[in-house]
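In my numbering, the protein residues as written are 416 to 825.
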């Protein structure tokens with residue numbers, strides 16, 4: 416039976432900044448700075464230890480079109496390790512690191528095969544003589560809206576055929592931009608044996624019945640709270656009749672959210688004890704964690720305990736000492752719902768605020784209110800379009816801030 420083994424990864428976003436964090440200890444900040452590089456190193460470690468035939472990287476290797484020298488140098492170092500082990504790498508660029516950007520290039524070693532802006536086929540022959548045709552293209556510019564899947568053509572003469580595509584599955588619910596759209600039926604019609612996708616930062620298996628498997632591996636390291644949970648790449652075994660894969664965890668730092676019920680809690684000591692207990696339950700053996708805690712039903716808390724949540728003392732004591740832990744759990748935010756805040760607001764103002772919030776929940780009103788920010792010639796370069804979920808979250812946070820400000824002034 417003719418079979419190959421390979422690593423399927425995407426969305427490395429090397430040297431990417433983390434969002435939503437501030438005032439970090441140096442040790443944790445350094446871990447965060449290195450996290451995308453650490454994650455990719457784990458991928459290369461796995462490829463070498465498993466003696467795979469090749470590695471597929473399906474777009475967004477870099478976080479921006481400028482491709483920092485540091486990120487390119489680190490990538491080259493890992494590609495050289497693959498070359499020493501006799502492993503090829505097939506690479507295409509996505510919407511973040513498209514070919515139209517401006518950067519100083521560091522050349523990759525000869526085992527790295529880069530796809531151009533046109534759909535093309537690259538041929539590979541394994542040590543066992545299995546011939547593989549690999550198809551793909553790199554984004555010529557950031558916004559690729561047309562269906563480039565129409566340009567993929569299967570070329571006979573190989574034992575196995577693999578498609579690489581950085582794009583969006585039509586009809587799927589996602590906050591990512593709908594670049595290079597395709598449907599599942601579009602991919603099936605191409606009669607390839609495996610579709611290696613990129614662009615969506617969560618592992619998704621779109622099709623498994625017979626061949627082809629159609630899979631997003633997700634990104635290799637979460638960079639903000641929306642990218643929570645396990646992250647990694649896929650180790651794939653592919654033959655003419657069977658496909659199997661397993662996830663390899665790569666993230667050095669995990670984002671998580673913890674919801675606590677404070678119904679039976681009265682004192683600050685009890686609240687602190689509950690938080691510490693749950694934090695220890697979440698702590699991982701070798702990975703760091705960035706944690707948001709949501710506390711519900713705090714109406715029964717004593718005033719002293721409430722004040723220590725509001726003024727940041729609870730957050731501070733939960734953070735204390737974590738910078739010295741290899742498997743740190745850094746609580747970066749504590750949210751809570753205090754129904755008393757709502758009831759103490761004067762009725763007339765509350766009604767007016769509710770009308771304003773309702774207005775903001777209309778898409779056109781929100782977009783108008785934020786047009787100066789997202790339309791600014793400088794800031795727009797660094798801002799992604801907000802999803803509907805992100806817009807609602809911002810509105811909810813603004814509403815909570817208004818209530819808290821009112822409470823602090825009463």
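Backbone N, C-alpha and C define an ideal beta-carbon position, used for all residues, glycine too.
Treat the numbers as computed from the prediction; the structure is a model and nothing was measured.
Which of the three DSSP states, helix, strand or coil, is assigned to residue i?
i           : result
residue 496 : helix
residue 420 : strand
residue 438 : coil
residue 462 : helix
residue 666 : coil
residue 688 : helix
residue 682 : coil
residue 810 : helix
residue 483 : coil
residue 512 : coil
residue 567 : coil
residue 749 : strand
residue 597 : strand
residue 738 : helix
Under 8 Å Cβ to Cβ from residue i, same chain only, skipping five residues before and after it: list those, please.
i           : result
residue 532 : 514, 552, 553, 554, 555
residue 697 : 671, 673, 704, 706, 744
residue 444 : none
residue 659 : 651, 652
residue 585 : 593, 596, 597, 598
Thinking residue i and residue j are a contact (beta carbons under 8 Å), I'd like their distance in whole angstroms, please.
i           : j           : result
residue 638 : residue 423 : Actually they are not in contact, since the Cβ atoms of residue 638 and residue 423 sit about 20 Å apart, beyond 8 Å.
residue 464 : residue 636 : Contact doesn't hold; Cβ gap of about 20 Å is too wide.
residue 721 : residue 693 : Going by Cβ atoms, the distance from residue 721 to residue 693 rounds to 19 Å, so no, they are not a contact pair.
residue 470 : residue 421 : 7 Å
residue 747 : residue 707 : 7 Å
residue 430 : residue 616 : Their Cβ separation, rounded to whole angstroms, is 16 Å, which puts residue 430 and residue 616 out of contact at 8 Å.
residue 558 : residue 583 : Not confirmed; about 12 Å, so no contact.
residue 494 : residue 547 : With a Cβ gap of about 19 Å, residue 494 and residue 547 do not count as contacting.
So, at 6 Å on beta carbons, what are the nonlocal neighbours of residue i in its own chain, with the 5 sequence-adjacent residues on each side left out?
i           : result
residue 712 : 676, 677, 678
residue 529 : 506
residue 610 : 578, 602, 627, 629
residue 456 : none
residue 432 : none
residue 545 : 417, 419, 574
residue 709 : 674, 750
residue 695 : none
residue 500 : 463
Is it the case that the Cβ atoms of residue i and residue j are separated by a distance below 8 Å?
i           : j           : result
residue 646 : residue 435 : no
residue 705 : residue 668 : yes
residue 497 : residue 462 : yes
residue 619 : residue 662 : no
residue 700 : residue 742 : yes
residue 521 : residue 484 : yes
residue 492 : residue 516 : no
residue 468 : residue 541 : yes
residue 749 : residue 716 : no
residue 581 : residue 474 : yes
residue 512 : residue 477 : yes
residue 832 : residue 543 : The chain is shown only over 416 to 825; residue 832 falls outside these bounds and no answer can be derived.
residue 648 : residue 623 : no
residue 738 : residue 442 : yes
residue 597 : residue 562 : yes
residue 733 : residue 690 : yes
residue 776 : residue 810 : yes
residue 594 : residue 612 : no
residue 683 : residue 719 : yes
From the DSSP secondary-structure annotation, give me the bridge partner or partners of residue i.
i           : result
residue 675 : 710
residue 610 : 578, 629
residue 505 : 471, 528
residue 650 : 422, 661
residue 704 : 669, 744
residue 622 : 629
residue 547 : 539, 575
residue 914 : Summary: the structure shown does not reach residue 914, with the chain confined to residues 416 through 825, and so no result is reported for it.
residue 477 : 429
Who are the Cβ neighbours of residue i in its own chain at under 7 Å, not counting the five residues just before and after it?
i           : result
residue 780 : 774
residue 605 : 567, 569, 578
residue 446 : 667, 668, 703
residue 806 : 781
Taking 7 Å as the cut-off, is the beta-carbon of residue i closer than that to any non-hydrogen atom of the ligand NAD?
i           : result
residue 418 : Among the components of this structure there are no ligands whatsoever, and the ligand NAD is therefore not found.
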